[in-house]
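Data first, discussion second: the structure below is written as C-alpha cells.
2 protein chains.
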Amino acid sequence: MRSTAPRISVLERMRRASAPLSHAEITEELVPLGFDRATIYRNLVDLAEAGLVSRVELGDHVWRYEVRGTESREREHPHFVCNDCGTVACLPAVSVDIRPAPGSRHSVVAEVSDVVLKGLCESC
Amino acid sequence: MRSTAPRISVLERMRRASAPLSHAEITEELVPLGFDRATIYRNLVDLAEAGLVSRVELGDHVWRYEVRGTESREREHPHFVCNDCGTVACLPAVSVDIRPAPGSRHSVVAEVSDVVLKGLCESC
DNA sequence: GACTAAACGCAACTAGATTGCAAACACGAT
DNA sequence: ATCGTGTTTGCAATCTAGTTGCGTTTAGTC
Ligand SMILES: [Mn+2]
Ligand SMILES: [Mn+2]
Ligand SMILES: [Zn+2]
Ligand SMILES: [Zn+2]
C-alpha cells in the first residue's frame, strides 16, 4: 500500500468526517483539487479491502466509507438512516441486544457483525 | 388501485415467497409469461407506496419487496444478510433490543422502524 | 539512477433503477 | 350495455452509481 497524494487526501478527508461518506461526497471535494473519481473510487475500495476503512450500505443504494480504528467513534457501531430526510448517523454509544426467538433452536444467523437501523430522526 | 393482470400476478408471486424478492427475481418469472419489466417495477413501487408491500434494501444494492400483513411472518421483522454468500433471511422471531447510551440524553434517533443485521450465516 | 509493481488519469461500460409517452384498459356513471 | 375518464400498460430511452480497461506515471526498492 503505497503512500500517494490521492490516497492521503482520501484518508485525510475521511478522518474529518463524523459520519460515513459516499464516493460522491468525497469526489465533490477532491475532484476540484485535481484528483480523479476513478482513483478515489479505487482507493476507497482498496482501503476497505485492507481493512483501514469500512464500507457500508445503509439502504439508499449508496456505498459509504468511514475510517476504522480503535478510538471511541471509530470502532464498530450501529448506523442509523432517517427514512424521511436521509440523514445518516453513527450510533457509537447505542447498544443493540439481539435475542433469538424464545422457542427457536438454531437460527440462520451465525454471527452478526453489522447493525443498521432505519426510522425517523429527531427533526422529522 | 385497480385490479389488473400484472398487478395480481406480482402480488400472487410475492405471497408465495419466504424472503423478500428483488425486481429481477420477479421479472425472471413474469416476463416469460408476457408481462413487462417496467410494469412489474411500477407495480412494486405502487404497492409499496400503498403500504401493501414493504421495500427494503439489505446492503447489496438491490431493492427487495415483500408482502405486508398481519400474519406471523408478514408483520414487521428484522432482516439478515450474509456478508459471504448473500443469503437473505427474515427473522420474524428475533427480538432486537435497542438501548441508548448510558449517559446520552437525546439521540438523533426518534423512532426505529426497521432493523437490518449483517454477518455470517450458519453455512458460511 | 535504474527497475518494477502499484497507482493514476481518462474514458468507456454495466446493472439496476427510473421515466416519457402513446396505446390499452378498468370501472363508476349513464 | 355503452361511454368517458383517469389508470395502467408496453416499449424504449434515460439516469445514477458503481466498475473496469489500458496506456502512462510514480513510489519504493536495489
Ligand atoms: Mn459510523
Ligand atoms: Mn422479511
Ligand atoms: Zn430525518
Ligand atoms: Zn452465508
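Those protein sequence lines, which keep their order, are chains A and B.
Going by this note's numbering, the letters in the first sequence line up with residues 144 to 267, in that order.
Going by this note's numbering, the letters in the second sequence line up with residues 144 to 267, in that order.
All residues carry an ideal CB built from backbone N, CA and C; glycine is no exception.
His204 (chain B) has its CB no nearer than 7 Å to any heavy atom of ligand 1.
Look at Ala244 (chain A) here: in three-state DSSP terms it is coil, with no helix or strand label. Chain-ordered, the chain B residues with CB closer than 8 Å to the CB of Gly262 (chain A) read Val252, Ala253, Glu254, Val255, Ser256 and Asp257. Residue contact with chain B for Arg242 (chain A): present (Cβ-Cβ distance below 8 Å to some residue of chain B). Neighbours of Ala191 (chain A) across chain B, judged by C-beta separation under 8 Å, do not exist; the nearest C-beta is about 13 Å away.
Taking non-hydrogen atoms of ligand 2 into account, the C-beta of Pro163 (chain B) is found less than 7 Å away from one of them. At a cut-off of 8 Å, the C-beta of Phe223 (chain A) has a neighbouring C-beta in chain B.
Under the three-pair Cβ rule at 8 Å, the stretch 189-204 of chain A counts as touching the stretch 151-167 of chain A.
Collapsing the DSSP output to three states places Arg159 (chain B) in coil. In the three-state reduction of the DSSP assignment, His166 (chain A) falls in the helix class.
Within the DSSP bridge table, the entry for Ala232 (chain A) names A:Phe223 as partners.
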